[in-house]
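A short write-up of the structure that comes next.
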Amino acid sequence: MAAQAMGPTYAGGTQPIVKDGYAVLYLPDVNNRELIAQGEAPVFYYIPNQVRMARKEGPDKGDYLFNLVRFAGTGGEGVVGGGGDVAGGVLTFSTTGALPESTRQQAEDAIRAQYADSDDAFWGIRGARKAPTFRPAIIASSTTAVSNVSPTPRGFPALRPATRDHGTRTAYFGVPGARSGARSPSIVARDGEPPAPGAPAPGPAASSNLDPWYWDMQGQGTGSIDPTGTHAFSGLVGVYPAAILWEAFHGTASPLIVIQNYKLKVRSPVVKITIDGHWDRIFEHFSAAASGRYLWAKVDLQAEFNNMRTNGTITTDVKVDTTLPGAEAIAQRLQQKSDLVFNKFMEQAQKMIFDPPQPQVEAAKADTGGWGLWGVGVALKYRRDETHLDLHYEETQQFAYLQDHTVSSSLAGMYDEIKADPEAERKYFLNVDLDDWPRKLNRVVKPVAAWGDGDVEFMSVEIGYPGADGALNWQGHSFSGDEGNDGTYKWSRVQKPAAEVANPPQGWEPDKTFVKRKVHLAEPPSEVVDPYRRTQIQRNVIDIDPGPNGTPLNDTILEVRADAAGKLAVGPLQLGVVLQDKTQVVEAIFEATKEDGTPLGIPPVRFRWNEGDYDRDRIWTVFTGDPDFKPYYRYKVLVTVKGTLFEPGRAWEGPWTLTQGNGPVIVDVPRPDGEGVVTKSRSIPEPRVARLRALGGAPATAPTPVPAREGAPAGNGKKAKPRGSHPATFLDYQL
Numbered sequence: 000m001a002a003q004a005m006g007p008t009y010a011g012g013t014q015p016i017v018k019d020g021y022a023v024l025y026l027p028d029v030n031n032r033e034l035i036a037q038g039e040a041p042v043f044y045y046i047p048n049q050v051r052m053a054r055k056e057g058p059d060k061g062d063y064l065f066n067l068v069r070f071a072g073t074g075g076e077g078v079v080g081g082g083g084d085v086a087g088g089v090l091t092f093s094t095t096g097a098l099p100e101s102t103r104q105q106a107e108d109a110i111r112a113q114y115a116d117s118d119d120a121f122w123g124i125r126g127a128r129k130a131p132t133f134r135p136a137i138i139a140s141s142t143t144a145v146s147n148v149s150p151t152p153r154g155f156p157a158l159r160p161a162t163r164d165h166g167t168r169t170a171y172f173g174v175p176g177a178r179s180g181a182r183s184p185s186i187v188a189r190d191g192e193p194p195a196p197g198a199p200a201p202g203p204a205a206s207s208n209l210d211p212w213y214w215d216m217q218g219q220g221t222g223s224i225d226p227t228g229t230h231a232f233s234g235l236v237g238v239y240p241a242a243i244l245w246e247a248f249h250g251t252a253s254p255l256i257v258i259q260n261y262k263l264k265v266r267s268p269v270v271k272i273t274i275d276g277h278w279d280r281i282f283e284h285f286s287a288a289a290s291g292r293y294l295w296a297k298v299d300l301q302a303e304f305n306n307m308r309t310n311g312t313i314t315t316d317v318k319v320d321t322t323l324p325g326a327e328a329i330a331q332r333l334q335q336k337s338d339l340v341f342n343k344f345m346e347q348a349q350k351m352i353f354d355p356p357q358p359q360v361e362a363a364k365a366d367t368g369g370w371g372l373w374g375v376g377v378a379l380k381y382r383r384d385e386t387h388l389d390l391h392y393e394e395t396q397q398f399a400y401l402q403d404h405t406v407s408s409s410l411a412g413m414y415d416e417i418k419a420d421p422e423a424e425r426k427y428f429l430n431v432d433l434d435d436w437p438r439k440l441n442r443v444v445k446p447v448a449a450w451g452d453g454d455v456e457f458m459s460v461e462i463g464y465p466g467a468d469g470a471l472n473w474q475g476h477s478f479s480g481d482e483g484n485d486g487t488y489k490w491s492r493v494q495k496p497a498a499e500v501a502n503p504p505q506g507w508e509p510d511k512t513f514v515k516r517k518v519h520l521a522e523p524p525s526e527v528v529d530p531y532r533r534t535q536i537q538r539n540v541i542d543i544d545p546g547p548n549g550t551p552l553n554d555t556i557l558e559v560r561a562d563a564a565g566k567l568a569v570g571p572l573q574l575g576v577v578l579q580d581k582t583q584v585v586e587a588i589f590e591a592t593k594e595d596g597t598p599l600g601i602p603p604v605r606f607r608w609n610e611g612d613y614d615r616d617r618i619w620t621v622f623t624g625d626p627d628f629k630p631y632y633r634y635k636v637l638v639t640v641k642g643t644l645f646e647p648g649r650a651w652e653g654p655w656t657l658t659q660g661n662g663p664v665i666v667d668v669p670r671p672d673g674e675g676v677v678t679k680s681r682s683i684p685e686p687r688v689a690r691l692r693a694l695g696g697a698p699a700t701a702p703t704p705v706p707a708r709e710g711a712p713a714g715n716g717k718k719a720k721p722r723g724s725h726p727a728t729f730l731d732y733q734l
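What the sequence shown shows, in numbering that gives the first Met the number 0, is residues 0 to 734, in sequence order.
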């Protein structure tokens with residue numbers, strides 16, 4: 000029967016080769032001796048002896064498959080989903096054991112050169128008629144892991160071992176929660192005691208920030224069975240690990256260690272295995288060594304198995320075909336370096352002391368456990384009253400079994416890469432400001448109006464933002480006098496990138512919203528009902544932002560101001576004189592004007608004062624509806640002194656007085672002889688008034704006395720009174 004390559008063996012040992020900084024491990028085929036004897040090519044198997052950072056275009060070409068992002072944000076109102084300060088990092092990288100083609104060829108040449116003249120049963124290739132063949136090792140399964148930068152088990156769900164009364168539980172460490180920084184205590188449960196509760200999972204009200212030592216690495220676990228395959232990892236980390244990784248990867252090394260646990264399918268030569276012992280003593284050994292352990296991991300089982308071989312609880316013997324050169328050395332290697340004997344023992348132990356029925360021996364439970372050879376931890380279970388047997392196992396054959404092979408490496412830093420190309424840093428290291436995206440547009444609208452005046456009925460605002468099709472979506476709100484100036488309207492939307500809006504409205508930019516503000520005025524009171532207030536309204540609804548789309552603004556704080564409606568507010572109005580009796584009446588006419596003093600086209604208003612209300616304030620308000628209106632106006636004063644049935648009245652009208660500005664005004668009442676004053680009294684002719692004015696400017700002289708008869712009668716039949724020494728006056732003018 001023709002010989003065939005059966006698979007790698009540990010019987011002949013291993014051969015590591017290092018070329019160009021790449022480390023690879025070689026194993027011979029178990030049937031190489033037979034293959035060479037029959038003229039076939041010997042076979043050697045290789046497996047990576049270290050892991051490295053993978054690249055895009057092969058083992059040694061292209062950019063590294065690595066990226067470290069640091070992020071931070073305040074989580075303010077300008078960020079969608081913002082809920083407070085947050086900081087941390089995201090790490091992504093890929094590892095591989097692949098060799099560059101040239102390096103692999105050099106390593107194979109080294110194997111050929113090293114064993115060309117060797118007669119070793121597995122490695123020697125002297126006399127081989129065909130060149131050796133090199134293949135990847137046969138991997139039954141692989142498990143990947145990444146070291147934790149955090150100083151505690153925080154940062155990932157920790158699987159608690161199962162107990163008799165409780166199944167496997169998951170406790171969470173390092174998840175977003177309280178900012179105190181306190182670490183979860185170690186939890187150790189004893190048999191018969193209820194397990195202490197784990198740290199609770201975060202609730203909806205928990206802080207959005209990560210614990211400073213948070214660490215959650217994805218990609219660990221089952222890996223590729225191709226020894227040259229690529230393994231990708233991604234981790235979310237807190238601010239402390241992010242800072243450590245940032246500095247470390249800028250150097251030549253990193254604190255990250257990647258571990259590859261392979262289970263190689265290997266074969267032994269034809270051997271005879273003998274295992275002897277007594278199950279009572281074996282059980283007692285495990286029970287004494289339990290030390291509170293309930294679940295046994297493979298590493299613990301294998302350690303105790305070796306202890307039992309040392310103290311004689313178990314005896315093992317491996318005999319190799321004596322026709323093989325160095326048979327004793329091969330047998331010793333199989334005993335010490337391979338898992339062959341241990342695996343055969345565990346096959347028997349599972350049937351006797353690690354299988355149901357439930358054990359009656361109480362053993363303490365521990366807070367640590369592990370994963371056994373078969374994927375789970377095994378528990379010590381044994382019935383003394385049913386099993387009092389000797390262990391005897393004997394088998395002779397060429398065994399196939401699974402051999403553990405662990406490769407661990409510290410990932411290299413990026414120092415050399417960045418030094419060679421400073422721009423490379425931007426490819427591998429990024430800083431993200433979480434407050435930059437996704438941005439949220441916020442608008443806060445406040446009303447500003449003198450609600451107590453009663454001029455404003457309500458005010459409104461509409462805010463529009465375009466959708467993907469460019470059409471504006473409007474939302475509105477109204478402010479009433481019941482709210483006063485304390486009313487607030489808040490509007491928010493997610494800011495769209497400009498490229499996501501087709502046919503945007505004219506003047507739009509991603510940070511701008513369209514605003515339409517309006518002032519809705521109340522009906523003015525009748526002049527008869529309230530003679531002290533005059534309100535003139537040109538338009539009942541005043542558009543502060545005219546046009547179909549209003550005004551595009553990027554302001555966060557917006558005001559709806561009543562005085563933005565082109566408002567003229569004059570008052571309080573007071574007279575500059577005191578009215579002494581009911582015969583004295585003053586009227587004032589007010590009229591809005593342009594800047595040059597010409598009338599604006601708004602009807603004038605009239606106020607009247609008399610002796611009974613001259614000290615009561617008057618108010619004049621005009622809403623023009625023109626946001627560009629400037630408060631210019633004019634007024635003139637009319638004075639009337641009422642006469643009686645027997646005495647004529649007097650009246651005069653002053654000229655127009657130009658003024659500007661809102662606020663209080665003292666009305667200047669002109670004198671009858673003031674400049675530009677027009678006298679309207681018909682009892683005193685204008686020439687006489689002119690002469691009276693002239694008299695006011697000349698000194699008074701005593702008139703020449705006219706002699707009269709003593710006691711001459713007057714025209715009314717009475718005696719005339721003698722003339723005084725002072726002239727008569729009227730309104731302070733000499734007659």
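The C-beta atom is built at its ideal place from N, Cα and C for all residues, glycine as well.
Values in this document were obtained by computation on a predicted structure and should not be read as measured data.
Residues that DSSP places opposite residue i in a beta bridge
i, result
"SER409", "ILE256"
"ASP432", "ALA71"
"HIS391", "ASP275"
"GLU508", "Paired residues: none, contrary to the question."
"ASP316", "THR273"
"THR13", "None; THR13 has no bridge partner."
"ASN441", "SER491"
"TRP619", "ARG533, VAL569"
Backbone CA spacing between residue i and residue j [nearest angstrom]
i, j, result
"THR678", "GLN573", "23 Å"
"GLU586", "VAL455", "28 Å"
"TYR239", "GLN219", "21 Å"
"PHE606", "HIS519", "26 Å"
"GLY87", "LEU244", "11 Å"
"SER141", "ARG438", "44 Å"
"GLN359", "GLU283", "Residue placement at GLN359 is flagged as unreliable, the pLDDT there being 42, under the threshold of 50; a coordinate-derived value is accordingly withheld."
"ILE618", "VAL569", "6 Å"
"GLU594", "GLN535", "19 Å"
"LYS418", "SER253", "17 Å"
Close Cβ partners of residue i (< 8 Å) along its chain, the five nearest in sequence each way excluded
i, result
"GLY6", "ASP28, VAL29, TYR44, ILE137, LYS264, VAL265, ARG266, ALA399"
"THR405", "ILE258, GLN259, ASN260, TYR261"
Same chain only: Cβ atoms within 6 Å of residue i, ignoring 5 sequence neighbours per side
i, result
"LEU429", "VAL68"
"GLY675", "PRO654"
"ASN31", "PRO41, PHE121"
"MET458", "PRO446, PHE478, VAL518, VAL559"
Coarse secondary structure for residue i, derived from DSSP in three states
i, result
"SER233", "strand"
"THR8", "coil"
"ARG280", "helix"
"GLN583", "strand"
"ILE601", "coil"
"ASP19", "coil"
"ALA1", "coil"
"SER479", "strand"
"ALA568", "strand"
"PRO647", "coil"
"ALA330", "helix"
"THR309", "helix"
Cβ-based neighbour list, residue i, same chain, cut-off 7 Å, excluding 5 preceding and 5 following
i, result
"ALA130", "ALA40"
"ALA467", "GLU499, VAL500, ALA501"
"ASN472", "GLY463, TYR464, GLY466"
Candidates the options, of which the one nearest residue i by Cα
i, options, result
"LYS18", "PRO523, ARG103, GLN219", "ARG103"
"ASP544", "GLY38, VAL528, VAL460", "VAL460"
"ILE556", "ALA467, VAL270, LYS55, PRO446", "PRO446"
"THR639", "HIS249, GLU652, PRO504", "GLU652"
"PRO551", "ARG442, TYR531, ILE536", "ARG442"
"PRO626", "GLU610, ARG560, ALA348", "ARG560"
"ASN548", "HIS404, VAL340, GLY506, ASP316", "GLY506"
"PHE133", "GLY11, GLY38, ALA4, GLN49", "ALA4"
"ASP672", "LEU255, GLY234, ALA650", "ALA650"
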